[in-house]
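These notes concern the structure reproduced below.
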Amino acid sequence: MRYFVQEDSIVRKIWGDGDVILLIFAGGAAEFALNRAVDWLFYTGKLPADPIGRLFSTVKYAQEIVFMPHEKAVAAINRMRAIHGGVEKSRGYQIPDWAYRDVLYMLIDYSERAFELLHRPLTNPEREELFDVFRRVGEGMGVPEIPQTYGDWQIDRRLHLSRDLVHSSFTDKLFERYREELGNWRYGLLLQAQSLLVPDQVKNLLPLPERPVLASMMWLYKVLEKLQLRAITQRILMPTAYLKQVQELDRKLQSVN
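43 is the number of the first residue of the sequence shown in our numbering; add one for each residue after it.
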């Protein structure tokens, strides 16, 4: 069976771990709220209306690409391309190429950052492998001018971070929606997780805690994981309405050591 992502790939370990996925989207939620093209999210209204539900629909597409046979993965990429094309047609102009790259770059960067925070740093070959998977996704989506190596991507990532971020009224509206959906104390945890994850260019534009308490509690997560008590952690941290969907994010994983 031919797969878009090989069965022993680090990308499957990353995108088969529900806790890592939640951190990927915690970081992405912070950065995308600052993106100069965030008005596209408000045009469709889907993310502001249901930010957590939107997360799960996005993960569904990502996991189709990562875990399904090659033909089904390519079909998922084509569906995403068609959905975006439909939005562009409805609005009457195209989403900027740089905005597509921004989203792709966020998925690469936060995949690496989230996995390192919960487990360990990626090796250099793993970083190249992670980049290669998302490069092929981007090319399948028709995104132009994607770098061809991890090193070149790092350079372009820094350029995009310095050029494409701004704190706007859309930023405040999205963060208010996060608070409404999560409640005050879970929202506070989100801000702490974001502070641990995001690059300095993002942190400097948001009122994130400078010294998050969560940083000193990461050892506790690892203890709970070893004791196979992750389900309890998820039950505490996630709203009950979304708990089942969170638990379904986990795929059968090989060792992450």
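In this text, a Cβ means the ideal position worked out from N, Cα and C, and glycines have one as well.
Model, not experiment: these values are computed from the prediction.
- Given Ala91 as reference, the closest of Gln236, Gly70, Glu218 and Val101 once Cα atoms are compared: Start at 1 with the first residue of the sequence shown, and residue 91 comes out as number 49. If we check each option's Cα against that of Ala91, Glu218 comes out closest.
- Message: With three or more beta-carbon pairs closer than 8 angstroms as the criterion, would you say the region 60-74 touches the region 109-123?
- Response: They do not touch, by the three-pair rule.
- Task: Going by CA-CA distance only, name the one from Val208, Val240 and Ile52 that's closest to Arg78.
- Result: Along the sequence shown, read from residue 1 onward, the residue named residue 78 stands at position 36. When each option's Cα is compared against that of Arg78, the closest is Val208.
- Anticipated Cβ contact below 8 angstroms, Leu224 with Leu233, distance rounded: What you label residue 224 is simply residue 182 of the sequence shown in a count that begins at 1. What you label residue 233 is simply residue 191 of the sequence shown in a count that begins at 1. With a Cβ gap of about 10 angstroms, Leu224 and Leu233 do not count as contacting.
- Task: Identify, in the order they occur along the chain, each residue of the same chain with its Cβ nearer than 7 angstroms to the Cβ of Lys215, setting aside the five sequence neighbours on each side.
- Result: Indexing the sequence shown from 1 puts residue 215 at position 173. Excluding residues up to 5 positions away in sequence, Pro90 lie with their Cβ nearer than 7 angstroms to the Cβ of Lys215 in the same chain.
- Please classify Met43: is it buried, with 16 or more other beta-carbons within 10 angstroms of its beta-carbon, or exposed? Locating residue 43 in the sequence shown gives position 1, counting from the first residue. With fewer than 16 Cβ atoms within 10 Å of its Cβ, Met43 is classed as exposed.
- For Phe98, which residues of its own chain have a beta-carbon under 7 angstroms away from its beta-carbon, when the five flanking residues on both sides are left out? Residue numbering aside, residue 98 sits at position 56 when the sequence shown is read from its first letter. Only Gln287 meet the Cβ criterion.
- Task: Can you say whether Thr191 is buried or exposed, counting buried as having 16 or more other CB atoms within 10 angstroms of its CB?
- Result: Numbered from its first residue, the sequence shown carries residue 191 at position 149. Flag for Thr191 reads exposed.
- Spatial neighbours of Arg133 in its chain, beta-carbon cut-off 7 angstroms, leaving aside the 5 residues before and after: Counting from one through the sequence shown, the residue named residue 133 turns up at place 91. Hits under 7 angstroms: Tyr85.
- Task: State buried or exposed for Leu200, treating a residue as buried only when at least 16 other CB atoms are found within 10 Å of its CB.
- Result: Along the sequence shown, one-based indexing puts residue 200 at 158. Going by the sequence as given, residue 200 is Arg instead of Leu. Result: exposed.
- What is the DSSP secondary structure of His209, counted as helix, strand or coil? Residue 209 sits at position 167 when you count from the first residue of the sequence shown. His209 falls in the coil class under three-state DSSP.
- Message: So within the region 124-154, which uninterrupted beta strand (DSSP E) runs reach at least 3 residues, ignoring any that extend past its ends?
- Response: Listed in chain order, there is nothing to give.
- Message: Helix, strand or coil, according to DSSP, for Asn166 in the structure here?
- Response: Taking the sequence shown and counting its residues from 1, one reaches residue 166 at position 124. It is helical.
- Item | Alpha carbon of Ala156 to alpha carbon of Gly127, nearest angstrom | Taking the first residue of the sequence shown as 1, we reach residue 156 at position 114. Taking the first residue of the sequence shown as 1, we reach residue 127 at position 85. Going by the C-alpha atoms only, they are around 30 angstroms apart.
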